[in-house]
Amino acid sequence: MRFLTIVRHCEAEPGTDDFARTLTDRGRRQAEEIRTRVLDSGQLAQYGPVTALVSSSARTRETYALGFAGTAFVHALETSELVYNGQREVTPYEVLEQLAAIDPVRESLLVIGHFPWVWQLVSDLTEEMPEPLVSDYPLGTAVVLAISEDEQVGLRHYEVAAVFIPTI
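Numbering (this note's numbering), first residue to last: 551 to 718.
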């Protein structure tokens, strides 16, 4: 079994330059909580190693750096402007295309991105939205979907394996 972990970036500072917004103190604590889960074999660690796709915005790269970088959870990293929605609305289908392009079909996947497409992606890939996420996808939340071992990730329904919502 492989997994697709879909993470919304942690809390970021407000600002006029959306692309350059960095994490707040609370956002950095949320990322540290993610890292604790990534290092815990009973939590996120069990769903790796992953090939990661990260939006090129500052807040998503910082979420990755503080939450995932340098851990055994991540095997390979790709950053992409194509999944940053500051200039245009990114669709879940565009994200799936980017994931399929880097999908080695032998290990799990991680994507770190933005609302609303993280929520839309989970909604499109599950038969029923996980209860805690029906109306919102809190900052720093990770949803893990069980995906096929022998075919690229695509537009189909997957089972929700876990949901991790920050306590901070």
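The C-beta atom is built at its ideal place from N, Cα and C for all residues, glycine as well.
Within 8 Å, strictly: CB atoms of L695 and L649: On the sequence shown, position 145 is the one that residue 695 refers to. On the sequence shown, position 99 is the one that residue 649 refers to. No, Cβ-Cβ distance for L695 and L649 is not below 8 Å.
Contacts around V584, its chain only, beta-carbon distance under 8 Å, and the 5 residues preceding and following it disregarded: On the sequence shown, residue 584 is found 34 positions in, with the first residue counted as 1. Note on identity: in this sequence residue 584 is Ile, with Val being the wrong assignment. The residues are V557, C560, L594, T613, L616, G617, F618, G690, A692, F714, P716.
Three-pair Cβ contact test at 8 Å for the segment 698-707 versus the segment 562-578: no
Selected residue, minimal CA-CA separation from S698, among L671, R579, L675: By one-based count along the sequence shown, residue 698 stands at place 148. Here the closest residue by C-alpha is L675.
Residue nearest to T629 in terms of C-alpha spacing, selected from T641, F665, S607: Here residue 629 corresponds to residue number 79 of the sequence shown, with the count starting at 1. Per the Cα distances, S607.
Closer than 7 Å: E612 CB and nearest the ligand ZN heavy atom: For the structure depicted, the ligand ZN is absent and the ligand set is empty, with no information on it obtainable.
C-alpha distance - Q580 paired with T566, whole-angstrom precision: Taking the first residue of the sequence shown as position 1, residue 580 is located at position 30. Taking the first residue of the sequence shown as position 1, residue 566 is located at position 16. Approximately 23 Å between the Cα atoms of the pair.
Beta-carbon contacts of R576 that lie in its chain and below 7 Å, excluding the five residues immediately before and after: Along the sequence shown, read from residue 1 onward, the residue named residue 576 stands at position 26. Same-chain partners within the cutoff: E561, I718.
Nearest-angstrom Cβ-Cβ length linking F538 and Y687, presumed shorter than 8 Å: Residue numbering for the chain in the displayed model covers 551 to 718; residue 538 lies beyond these limits and cannot be assessed.
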